[in-house]
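Student: Before I ask anything, here is the structure I am working with.
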Amino acid sequence: MESLTRTFEYVDKWAAETPDAEAVVFEDRRISYAELAAAVDAAAKAFLEAGVERGDRVAMLAMGCPEFFISYMAANKVGASWLGLSPKFGAREISYIVGDCRPKVFITLRSYMDADLSAELSKVDFIGSGVSKMLVIGEPFAGAESFDAFIRTPRPHLDEALAARAAEVDPQDDALLMYTSGSTGQPKGVIQTHASILVNVEKQVKHFLMEGKPRSLLHFPINHVAADVEIGFATLYVGGTTVMMDRFDPAASLAIIGKEKITMLGQIPAMFLMQAGVPGFMETDFSSLQTIIWGGAAAPIELLRGLQMIGAVSGAKLMTGYGSTEACGFITYTKPDDDLEMLAKSVGYAAEGFEVRIVDNERKPVPAGTQGEVALRGPFLFKEYLNKPEATAEAMDSEGWYYTNDLGYLDENGALFLNGRKSEMYKTGGENVFPAEIEEVLCAHEAIVMAAVIGVPDPTFQEVGHAFVMLRPGRTVTAEELKAHCKENLANFKVPKEYDIRPMLPLLANGKVNKMELKKGVAAEG
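The sequence shown lines up with residues 56 to 581 when you count with the numbering used here.
Here's what the structure looks like:
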């Protein structure tokens with residue numbers, strides 16, 4: 056792969072080398088690389104006219120659609136960073152984020168899933184947050200303009216200005232702003248540069264076997280690192296085709312896999328599980344798949360057996376890994392020939408040049424096989440948390456190590472095994488309890504597809520476990536049966552006191568269960 060140093064250069068590269076190749080497919084729209092490059096340049100010149108300076112930010116409230124790539128790459132080309140927001144966010148969340156990052160341009164869908172977004176957006180003080188241009192995909196509302204009309208206006212007089220601005224962009228300039236899920240408080244703005252994005256994607260392309268012009272399915276929210284880096288930008292990086300959906304629909308996504316000949320399928324385990332519940336799932340045309348990838352959470356062994364059957368038919372390799380928003384995506388990877396036990400329990404090995412170590416509470420390295428906090432170091436790491444120097448200093452030390460708050464251990468071969476989050480650990484009767492261990496036991500029950508355990512206050516033991524489980528389609532189980540199952544497999548102090556059986560558990564955008572929401576629910580009931 057030719058060594059380019061700024062994200063937007065890859066649009067121009069493929070427009071020159073394979074101008075007619077499909078870059079984006081969305082519903083009935085098929086956009087070639089030549090068309091994408093022209094749209095990016097048009098948007099970039101529009102941003103210049105709107106007063107976007109190097110170091111500014113462009114925000115977009117939408118889901119997967121061609122305008123996602125167009126605005127992202129155009130912002131980068133004029134030296135601005137780009138930020139994605141979910142149309143499921145309420146006015147309070149939007150207000151906090153735009154107030155924190157103060158974007159110069161704000162782009163939004165007019166409607167999403169039959170809901171008019173203008174009503175919620177009317178509650179946000181955009182002018183006070185520094186927004187000077189509001190653009191709408193769809194019918195504009197008061198105070199806004201049409202995105203298409205504004206972008207499509209010819210601006211040949213800005214050709215030289217765009218070329219000059221693009222030449223100024225440095226690889227270390229801010230390129231992408233992603234807000235953490237906020238599972239433990241207000242979300243933090245994670246700043247990634249052109250350089251950190253590209254160094255990460257270079258490794259991913261190698262480890263996920265993406266060199267051969269992949270056709271990737273993208274149905275993640277555009278505020279998620281999976282869309283912004285791991286699937287979306289990584290596919291563009293190699294000149295592949297990104298097939299976008301503006302929401303995850305299990306049945307529709309299965310149909311698209313066959314229709315669009317998807318080669319790389321990256322999802323969270325919950326997505327695979329929901330697809331598996333679709334009638335006729337095994338009749339889906341999976342023949343084009345070359346890689347099946349999951350992340351965000353561990354995959355149950357039964358799910359992996361099903362994916363292995365798909366791989367046996369299509370020849371697809373099963374892979375997983377570990378990463379985060381702060382790490383700009385995956386930084387560990389399993390190997391294409393790893394067995395199911397390894398895929399179920401480990402998240403693989405650090406990519407070449409990336410460092411992973413386990414540390415104790417004093418942040419000192421511990422021996423192989425010893426559990427502690429996962430620490431990362433390498434050029435993939437985020438630059439800083441926006442407007443939060445104290446949080447940045449707490450998370451990253453002077454030697455460049457980022458402390459993740461994730462718990463795990465490295466085996467003798469350097470494979471990483473995760474055991475949950477430090478912040479999720481609770482004490483019961485003086486004993487430390489790690490929810491991930493209990494969740495693994497619960498998920499081993501034949502009726503359970505997903506589990507989450509939280510510590511809740513208890514007058515006798517300080518805290519006790521409260522388990523939440525999601526059933527497999529067509530299965531039933533009682534709280535008494537789950538408690539007996541836990542007693543058979545866990546020490547008595549680890550056995551949850553309460554069991555909440557639900558058809559669905561609340562999820563964060565990264566695929567993990569939203570434990571803060573579960574805790575709020577318990578607190579409200581108690």
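The beta carbon of each residue, even a glycine, is placed where N, CA and C say it ideally should be. Quick caveat, the model's predicted, so the values are computed rather than measured.
#1: Using CA coordinates, which residue listed in Leu172, Val186 and Tyr65 is at the minimum distance from aspartate 111?
#2: Can you tell me where the beta strand (DSSP E) holding glutamine 259 begins and where it ends?
#3: If contact is defined by three or more beta carbon pairs under 8 angstroms, each pair taking one atom from either stretch, is the region 486–501 in contact with the region 338–352?
#4: Note down the Cα distance separating alanine 204 from asparagine 474, rounded to an integer number of angstroms.
#5: Taking only the alpha-carbon atoms, compute the straight-line gap between alanine 94 and valine 224 and give it to the nearest angstrom.
#6: Taking all protein chains shown into account, decide if valine 429 is buried (16 or more other Cβ within 10 angstroms of its Cβ) or exposed.
#7: Whole alpha helix (DSSP H) runs in the region 478–565 with 4 or more residues, listed along the chain?
#8: Cutting at 8 angstroms between CB atoms, please list the residues of its own chain near serine 238, excluding the five before and the five after it.
#9: In terms of residues, what are the limits of the beta strand (DSSP E) holding methionine 299?
#10: If you draw a straight line from the C-alpha of valine 254 to the C-alpha of valine 260, how long is it?
#11: Counting along the chain, where does the alpha helix (DSSP H) carrying leucine 291 start and finish?
#12: Which two residues bound the contiguous alpha helix (DSSP H) that contains aspartate 283?
#13: With a threshold of 8 angstroms on Cβ separation, who are the neighbours of arginine 85 within its own chain once the five nearest residues in sequence on each side are excluded?
#14: Going by DSSP, what residues sit across from threonine 346 in a beta bridge?
#15: Buried or exposed: where does glutamine 330 fall if 16 or more other Cβ atoms within 10 Å of its Cβ makes it buried?
#16: Check phenylalanine 336 in the structure and name its three-state DSSP category.
#17: Identify the residues that DSSP records as bridge partners of alanine 114: which are they?
#18: Would you call the region 426–441 and the region 381–392 in contact, with 3 or more CB pairs under 8 angstroms?
#19: I'd like the span of the beta strand (DSSP E) that includes isoleucine 277, first residue to last.
#20: Could you have a look at serine 401 and say whether DSSP puts it in helix, strand or coil?
#21: Give every residue of the same chain whose Cβ lies closer than 8 angstroms to the Cβ of alanine 367, excluding the five residues on either side of it in the sequence, and list them in chain order.
#22: Could you check whether alanine 507 and proline 528 sit closer than 9 angstroms to each other, using their CB atoms as the reference points?
#23: Which of the three DSSP states is assigned to valine 191 in this structure?
#24: With three or more C-beta pairs closer than 8 angstroms as the rule, is the region 100–118 touching the region 137–154?
#25: Taking all protein chains shown into account, decide if lysine 400 is buried (16 or more other Cβ within 10 angstroms of its Cβ) or exposed.
#26: Where in the region 72–119 do unbroken runs of the beta strand (DSSP E), each at least 3 residues long, occur, reported from the N-terminal end onward?
#27: Leucine 395 to alanine 353, Cα distance in whole Å?
#28: Could you tell me the boundaries of the alpha helix (DSSP H) in which phenylalanine 123 lies?
#29: Kindly indicate which three-state DSSP category aspartate 171 falls into: helix, strand or coil?
Tutor: So, from the data block:
#1: The residue with the shortest Cα to Cα distance from aspartate 111 is Val186.
#2: Per DSSP, glutamine 259 belongs to no beta strand (DSSP E); it is in the alpha helix (DSSP H), 249–262.
#3: Segments in contact, no.
#4: Here the C-alpha atom of alanine 204 lies approximately 51 angstroms from the C-alpha atom of asparagine 474.
#5: Per the coordinates, the alpha-carbon of alanine 94 lies some 19 angstroms from the alpha-carbon of valine 224.
#6: By the 10 Å Cβ count, valine 429 comes out buried.
#7: Taking only runs of at least 4 residues, the alpha helix (DSSP H) segments lying wholly in the region 478–565 are 490–498 and 534–544.
#8: Legend: pLDDT at serine 238 = 49, less than 50; position of this residue unreliable, value from coordinates given subsequently. So the qualifying residues of the chain are Leu563, Lys567, Asn569, Lys570 and Met571.
#9: From DSSP, the beta strand (DSSP E) with methionine 299 extends over 296–299.
#10: C-alpha separation (whole angstroms): 10 angstroms.
#11: Judged by DSSP secondary structure, leucine 291 falls within the alpha helix (DSSP H) whose first and last residues are 287–292.
#12: Note, aspartate 283: premise wrong, no alpha helix (DSSP H); not H, not E.
#13: Excluding sequence neighbours, arginine 85 sits near Glu77 and Val79.
#14: Partner(s): Met319 and Lys372.
#15: Note on glutamine 330: 16 or more other CB atoms within 10 angstroms of its CB, so buried under the neighbour-count rule.
#16: Three-state result, phenylalanine 336: helix.
#17: Paired residues: Leu138 and Phe161.
#18: Pairwise C-beta distances place the region 426–441 in contact with the region 381–392, as three or more of them are shorter than 8 angstroms.
#19: Note, isoleucine 277: premise wrong, no beta strand (DSSP E); not H, not E.
#20: In the structure shown, serine 401 sits in coil (DSSP, three-state: anything other than H, G, I, E or B).
#21: If we look at alanine 367 and ignore the five residues flanking it on each side, it has no Cβ neighbours.
#22: The answer is no: Cβ separation not under 9 angstroms.
#23: Valine 191 carries a strand assignment under DSSP once its states are collapsed to helix, strand and coil.
#24: These segments touch.
#25: By the neighbour-count rule (16 or more Cβ atoms within 10 Å), lysine 400 is not buried but exposed.
#26: DSSP runs (the beta strand (DSSP E)) wholly in the region 72–119: 77–81, 84–87 and 112–116.
#27: Put simply, the backbone Cα of leucine 395 is about 12 angstroms away from that of alanine 353.
#28: In this chain, the alpha helix (DSSP H) harbouring phenylalanine 123 covers 121–132.
#29: The answer is strand: DSSP assigns aspartate 171 an E or B state.
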